[in-house]
Amino acid sequence: KDAKEIITQLLKNHDAAVATIAHEIRNPMTVLYSSMQLMSSLYAETAKGSCVWEECMDGARHMCDLLDDLTELNNGNQLNRASFPLGHVLRNSAVLFAMSLNFEKSKIEMTSSIDKNIKRFNGDRTKLEEVFLNILTNAKDALADCKYAPRLQFRAKKLDDKILIQCQDNGCGIPTEIVDKLYEPFFTTKENGTGLGLAVSKRIIEAHNGTIDITSDHTNGTIVSITLPA
Ligand code: ADP
Ligand code: MG
Numbered sequence: 018k019d020a021k022e023i024i025t026q027l028l029k030n031h032d033a034a035v036a037t038i039a040h041e042i043r044n045p046m047t048v049l050y051s052s053m054q055l056m057s058s059l060y061a062e063t064a065k066g067s068c069v070w071e072e073c074m075d076g077a078r079h080m081c082d083l084l085d086d087l088t089e090l091n092n093g094n095q096l097n098r099a100s101f102p103l104g105h106v107l108r109n110s111a112v113l114f115a116m117s118l119n120f121e122k123s124k125i126e127m128t129s130s131i132d133k134n135i136k137r138f139n140g141d142r143t144k145l146e147e148v149f150l151n152i153l154t155n156a157k158d159a160l161a162d163c164k165y166a167p168r169l170q171f172r173a174k175k176l177d178d179k180i181l182i183q184c185q186d187n188g189c190g191i192p193t194e195i196v197d198k199l200y201e202p203f204f205t206t207k208e209n210g211t212g213l214g215l216a217v218s219k220r221i222i223e224a225h226n227g228t229i230d231i232t233s234d235h236t237n238g239t240i241v242s243i244t245l246p247a
């Protein structure tokens, strides 16, 4: 907890330094993780049953996720802007996510509707794709122990002066006590969460002069709304 507070403080004052350190640690960490994966396949029988080994792999994976997110958090407001077909990218994000749900044999019923009037947009395509993946993944996580038939809806439409993108789930919802904390770096209610997804997403969206807003209740689930200037 102390370490997280120190990192949060550092992030406020020394963005670039944190990014550099995260990046430097990430490389050897990736080597470590890939080597562990390789070893686990080479010694499948002995390694597989060992929970110690699995703990190590989980730890290494978590560390890689954390370093990825940390690097992103710092780069969040440095955009690499270009004109790209936003409607097409939104449709792709939805299709890829639906495919991954399918692949995992998930029970989530996902629907998407992307307005045909959403055309080209000037922004950072890679970073926006990451935002869409973040909010879709959060919705999926929220649907893990869903009481009802789990449903996820991803939609986007063009309004007069903005583009509205929404991700709605009928999952666990967000207790009112924590609503103010959602965008704080490292705030998570998940055992293996990094708590950086929404912090990163907010930075990226605001760097595009957009907004991100979350409304939720315990019975109807959650709606994440993002707007981008048209
Ligand atoms: P992480 O996913 O690693 O926990 P995030 O920054 O993405 O970090 O999300 C922070 C927290 O916000 C989550 O731990 C969860 O408690 C809450 N949250 C985000 N999206 C949803 C959602 N769709 N339904 C319920 N809770 C959510
Ligand atoms: Mg997340």
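Heads up, the UniProt record's numbering is the position in the sequence shown plus 17, with the first residue counted as 1. Every residue gets a Cβ at the ideal spot worked out from N, C-alpha and C, and that includes glycine.
query = Bridge partners of K174, per DSSP?
reply = L181
message = Measuring only from the beta carbon, is G227 closer than 7 Å to any heavy atom that is part of ligand 2?
response = no
message = To the nearest angstrom, how far is the alpha carbon of N94 from that of A224?
response = 5 Å
task = With a 10 Å radius around its C-beta and 16 neighbouring C-beta atoms as the bar for buried, classify F120 as buried or exposed.
result = exposed
request  = May I ask you to verify whether the region 64 to 79 touches the region 108 to 120, counting CB pairs closer than 8 Å and requiring at least 3?
outcome  = no
ask   = Is there at least one non-hydrogen atom of ligand 2 closer than 7 Å to the beta-carbon of N44?
value = no
ask   = Regarding I191 and ligand 1, is the C-beta to nearest heavy atom distance less than 7 Å?
value = yes
task = Return yes when the C-beta of G210 is under 7 Å from any heavy atom of ligand 2, and no when it is not.
result = yes
request  = Report the residue ranges of all alpha helix (DSSP H) runs contained in full by the region 53 to 112; include only those spanning at least 4 residues, in chain order.
outcome  = 61 to 65, 68 to 92
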